[in-house]
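Position 79 of the sequence shown, counting from 1, maps to 86 under the working numbering, and the rest follow consecutively. For every residue, glycine included, the Cβ atom is placed at its ideal position computed from N, Cα and C. As the structure is a computational prediction, the values presented were derived from the model and not from experiment.
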Amino acid sequence: MNHNVTFMPQGKTITVRHGVSILEAARKAGIHIATRCGGKMGCLMCKVTLPEEQQKNLLPPKEGERRKLGSLLEKGTRLSCQSMVQHDVIVLIPEDPLKAAVRKQLEAARNRDNEDFI
Ligand code: FES
């Protein structure tokens with residue numbers, strides 16, 4: 008059985024077999040998810056987020072993932088390397104922390120420039 012996985016904000020959808028991990032699906036789709044451990048649940052860098060109504064579309068987290076994520080699970084965070092597809096699903100890829108920091112600094116500088124003109 009196949010399922011569609013849609014990655015946001017990229018808006019890219021890919022079809023994968025039942026039980027494929029989100030990390031594998033992302034790689035197949037050409038979507039970058041940072042990892043350091045290669046999917047062995049050692050780095051915790053591969054976090055993705057699911058809207059509440061999407062969480063049932065992945066197989067439930069196993070004990071190891073529950074332990075690693077703790078309360079983040081309740082906020083919809085999953086480890087993409089441990090999250091297996093069981094229905095069509097929409098996954099949110101968090102912004103790279105370095106890019107987010109640069110974007111915030113640029114926005115702050117832009118706002119300062121606008122204030123100088125007023
Ligand atoms: S890839 Fe390292 S924890 Fe998922």
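**Endpoints, beta strand (DSSP E) assigned at L86** = 84-86
**Message:** Below 8 Å, how does it come out for the region 84-100 and the region 45-61: are there three or more Cβ pairs, yes or no?
**Reply:** yes
**Helix, strand or coil at I40 according to DSSP, with G and I counted as helix** = coil
**Request:** Tell me whether V12 sits in a helix, a strand or coil according to DSSP, three-state version.
**Result:** strand
**Request:** Report yes if the C-beta distance between K82 and M48 is below 8 Å; otherwise report no.
**Result:** no
**Request:** Could you check what DSSP says for S90 in three-state terms: helix, strand or coil?
**Result:** coil
**Message:** Can you tell me whether L3 sits near the ligand FES, meaning its C-beta is under 7 Å from at least one heavy atom of the ligand?
**Reply:** Residue 3 cannot be examined here, being either before or after the span of the chain that is shown, 8 to 125.
**Prompt:** What residue does the alpha helix (DSSP H) around L76 start on, and which one ends it?
**Reply:** 70-76
**Request:** Report yes if the C-beta of G46 is less than 7 Å from at least one heavy atom of the ligand FES; otherwise report no.
**Result:** yes
**Request:** Please report the Cβ distance between M52 and A36, rounded to the nearest whole angstrom; I am assuming they are in contact, meaning their Cβ atoms lie under 8 Å.
**Result:** That belief does not hold up - the Cβ atoms of M52 and A36 are roughly 18 Å apart, past 8 Å.
**Request:** Return helix, strand or coil for L51, following the three-state DSSP convention.
**Result:** coil
**Prompt:** So does T42 have its beta carbon nearer than 7 Å to some heavy atom of the ligand FES?
**Reply:** yes
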